[in-house]
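No gaps in the numbering here: position 126 of the sequence shown is 126 in UniProt numbering, and each next residue is one more. All C-beta atoms in this analysis are idealised placements derived from N, C-alpha and C, irrespective of residue type, glycine included. Since the model is a prediction, treat every value here as computed from it, not as a measurement. Worksheet: one structure, shown below.
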Amino acid sequence: MRGRCGGPFFVKGGPVFPPLIRPSGPPSPARGEGRNYRADSRARLGDHRPMPRPAHLFLDRAPSPLGDLLIVTDETGLLRAVDFHDFEPRLRRLARLHYGDLVLETGPAPAAIKAAFARYFAGDLAALVSLAWATNGTPFQQAVWTALTQIPAGQTITYSELARRAGRPLAIRAAGAANGANPLSLVAPCHRVIGTDGALTGYAGGIDRKRWLLAHEGAL
Numbered sequence: 001m002r003g004r005c006g007g008p009f010f011v012k013g014g015p016v017f018p019p020l021i022r023p024s025g026p027p028s029p030a031r032g033e034g035r036n037y038r039a040d041s042r043a044r045l046g047d048h049r050p051m052p053r054p055a056h057l058f059l060d061r062a063p064s065p066l067g068d069l070l071i072v073t074d075e076t077g078l079l080r081a082v083d084f085h086d087f088e089p090r091l092r093r094l095a096r097l098h099y100g101d102l103v104l105e106t107g108p109a110p111a112a113i114k115a116a117f118a119r120y121f122a123g124d125l126a127a128l129v130s131l132a133w134a135t136n137g138t139p140f141q142q143a144v145w146t147a148l149t150q151i152p153a154g155q156t157i158t159y160s161e162l163a164r165r166a167g168r169p170l171a172i173r174a175a176g177a178a179n180g181a182n183p184l185s186l187v188a189p190c191h192r193v194i195g196t197d198g199a200l201t202g203y204a205g206g207i208d209r210k211r212w213l214l215a216h217e218g219a220l
């Protein structure tokens with residue numbers, strides 16, 4: 001099964017990425033900012049009911065060693081989507097799919113969210129685990145995305161194992177499709193799903209990015 005994490009796009013002749021920054025020291029304990037970003041994290045915690053439609057969606061950008069990240073949050077500061085800058089059309093397509101005609105407005109993401117991504121790329125591999133997120137999707141998609149968040153950094157699983165963890169062990173192709181529709185790159189780490197033979201199968205951000213991320217996490 002060769003699912004394509006993040007969708008059916010590939011980067012041709014991927015960029016040259018900077019050297020890895022290996023983890024050092026224990027994970028940072030808190031996100032701070034005095035706001036409760038866990039207030040509505042039903043999807044991350046396994047409650048797969050459809051989320052209420054947000055009133056606003058804001059698009060911000062943050063630097064990373066693999067190119068700028070696109071970060072979508074709602075008016076409460078809850079994370080709704082993450083992708084790489086070269087896949088902005090895909091991000092907007094998924095936003096329309098999940099939220100209809102709600103326009104992506106330009107606006108800042110909470111500082112705590114951007115700081116968590118910076119810490120992850122600096123070597124704090126647990127920095128993204130505490131980020132609360134919400135997105136719409138089918139119950140099975142939500143189950144797959146939640147299962148992705150439960151793969152520890154430094155480990156990988158196969159598509160068949162992903163299907164099992166999502167509660168439908170025979171639905172390997174459906175698990176691959178849900179993996180491919182993942183709107184939360186890095187936070188729901190679909191780069192940690194590999195082929196049964198250990199091959200680094202399709203990744204929307206490009207195989208070079210997938211290899212870099214797995215090496216950064218110590219899985220390669």
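Going by C-alpha to C-alpha distance, which of E161, A132, I151, R165 sits closest to A143? R165
At what residues does the alpha helix (DSSP H) containing A177 begin and finish? 172-180
Taking one C-beta from the segment 89-107 and one from the segment 192-199 each time, how about it: are there three or more such pairs within less than 8 Å? no
Report the rounded CA-to-CA distance for Y120 versus A127, giving the unit in angstroms. 5 Å
With DSSP run on the structure shown, which of helix, strand or coil describes L128? coil
Report, in whole angstroms, the separation of the C-beta atoms of I105 and L170, which I expect to be a contact under 8 Å. Position check: residue 105 holds Glu in this sequence, whereas Ile was assumed. The Cβ separation is near 42 Å, so there is no contact.
Reduced DSSP category for A111 - H, G, I as helix; E, B as strand; rest coil: helix
Straight-line Cα distance separating P54 from N136: 11 Å
Which residue or residues does DSSP assign as beta-bridge partners of F84? F84 pairs with L69.
Answer yes or no: do L94 and A81 have a C-beta to C-beta separation smaller than 8 Å? yes
Using the rule of at least 16 other Cβ atoms within 10 Å of the residue's Cβ for burial, across every protein chain shown, is E75 buried or exposed? exposed
For L220, which residues of its own chain have a beta-carbon under 6 Å away from its beta-carbon, when the five flanking residues on both sides are left out? L214
Three-state secondary structure (DSSP) of D208: In this structure, D208 counts as helix in the three-state DSSP scheme.
Using only CA atoms, which one of L162, A188, A181, L186 lies nearest to R92? A181
Quick one: residues in its chain with C-beta nearer than 6 Å to the C-beta of T158, no 5 flanking neighbours on either side, listed in chain order? Within the same chain, and ignoring the five residues on either side of T158 in sequence, the residues whose Cβ sits closer than 6 Å to its Cβ are T196.
Does T146 come out as helix, strand or coil in the three-state DSSP assignment? helix
Is there at least one non-hydrogen atom of the ligand SAH closer than 7 Å to the beta-carbon of L184? Of ligands this structure carries none, so the ligand SAH is not represented either.
Provide the residue(s) that pair with F58 in DSSP beta bridges, ordered along the chain. T73, E105
What residues match up with L213 in a beta bridge as DSSP calls it? Bridge partners of L213: none, in fact.
Return the CA-CA distance between W145 and N179, expressed in angstroms with no decimal places. C-alpha of W145 to C-alpha of N179: approximately 7 Å in a straight line.
Report, in whole angstroms, the separation of the C-beta atoms of L78 and E217, which I expect to be a contact under 8 Å. Actually they are not in contact, since the Cβ atoms of L78 and E217 sit about 25 Å apart, beyond 8 Å.
Looking at C-alpha atoms only, which residue of P63, G167, W133 is the closest neighbour of P52? W133
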